[in-house]
Amino acid sequence: PCQGAAGRPAILYALLSPSLGARPSV
Amino acid sequence: PEPFSGGPGMPELILQLLQLEPDEDQVRARIVGCLQEPAKGRPDQPAPFGLLCRMADQTFISIVDWARRCMVFKELEVADQMTLLQNCWSELLVFDHIYRQIQHGKEDSILLVTGQEVELTTVAAQAGSLLHSLVLRAQELVLQLHALQLDRQEFVCLKFLILFSLDGKFLNNYSLVKDAQEKANAALLDYTLCHYPHCGDKFQQLLLCLVEVRALSMQAKEYLYHKHLGNEMPRNNLLIEMLQAKQT
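So the sequences go chain by chain: A and B. Oh and the first sequence: position 6 is 6 in our numbering, straight run, nothing missing. Numbers in our numbering are just positions in the second sequence, counted from 1, shifted up by 1000.
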C-alpha cells in the first residue's frame, strides 16, 4: 500500500535507513 | 537534560516524551555549524533566502532525529516511517516554529532556530507578501496557543500526535500506529483534565489548534512550491524533495 521507489525521497530514506551509515550532506 | 519526575496526573507517555526532547542549545549549535560550512556547489555567501532554506532543511533533519528516537516510531519499518514523515513533515516544522515563538514571548519579532531574532517590520519589508502573510498567520496561532497556556508537556504530546496522524490504509503496521494515537490522546486528555481543571475543554481546544497547524502547513507548502517554480530554491533541497515525493 505504500509508495514505490520512484516517488521515494532519497534524502529522507538515507536519514532513516540505519544501514546506510553516514548521513547525507544536505 | 532536566530530570523529569512522575507524579499525580503525569502520564508515563508524556514523561517519556519529555526525556526524548532534543536540547535546544545543542540543536542550535549544530544548525549554526552547518550553516557556517560552505556547501558544495553553493556560493560562499548565499542569499538570505538560501540560508533560510538550509536552516529549514537542518531543522527538519533534527525532527527526523527526534522521530527516530520516539517510541513506536522506532519499532516501525522504514517504509512506514517514511509514510508517516511524508504525511506530517510540514506540520512538524510549523509546530516547531510555533512553539519556539511561544517560548520567545514577543509579538513584534520572531526567533529563528539559530537564535537570531527578526523583527516583523523586517519581515514585512524584505520577505515578500506570501512569506509575510504566512508569518503573520503563524503569529496568530502563537497568540491563540499562548492564551490557551500551552505548556511543554502538551507540546510534546501534540507533536507525537502529529507524527502519528495518518489513516491506516497507508501503513503496513497500522495497529502499532493506532495504539500510539490512542495512548497519546488519552495522555493529553488525562494531563489537561488534571492540570487545568478550570479549563474543561482545553483538550478539545488544543486539538482544534492542530487543524490550524495543518492549514498553515498547506499554505507553507504552496509557498515552497511557488518558490520552486520560480527557480528560487537551492539545489538538493530536502524540503523540495519532500514536496515532490509521491504522496500516499
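Note that CB positions come from ideal geometry on N, CA and C, so glycine has one too.
Would you give the residue range spanned by the alpha helix (DSSP H) that residue 1072(B) belongs to?
Per DSSP, residue 1072(B) belongs to no alpha helix (DSSP H) and is neither H nor E.
Are the Cβ atoms of residue 1220(B) and residue 1072(B) separated by less than 9 Å?
no
Element boundaries [beta strand (DSSP E), containing residue 1120(B)]:
Run containing residue 1120(B): none in the beta strand (DSSP E); it sits in the alpha helix (DSSP H), 1120 to 1126.
Can you list the residues of chain B that residue 10(A) reaches, using a CB-CB cut of under 8 Å?
1241
For residue 1145(B), which three-state DSSP category applies?
helix
So if DSSP puts residue 1110(B) in a beta bridge, which residue, or which two residues, is it bridged to?
1118(B)
Interface positions of the segment 1074 to 1086 of chain B facing chain A (Cβ-Cβ less than 8 Å), listed along the chain:
1078, 1079, 1080, 1081, 1082, 1083, 1085, 1086
Say whether chain A places a C-beta atom closer than 9 Å to the C-beta of residue 1180(B).
no
Residue 1145(B) and residue 1209(B): beta carbons closer than 9 Å?
yes
For the alpha helix (DSSP H) containing residue 13(A), name the first residue and the last one.
10 to 16
May I ask you to verify whether the segment 1159 to 1179 of chain B touches the segment 1101 to 1120 of chain B, counting CB pairs closer than 8 Å and requiring at least 3?
no
Could you tell me whether the segment 1048 to 1059 of chain B touches the segment 1104 to 1114 of chain B, where touching means 3 or more Cβ pairs closer than 8 Å?
yes
Hey, residue 1092(B) and residue 1162(B) are a contact pair by Cβ (cut 8 Å); roughly how many whole angstroms apart?
6 Å
Does any CB atom of chain D fall closer than 9 Å to the CB of residue 1061(B)?
The structure shown contains no chain D; its protein chains are A and B.
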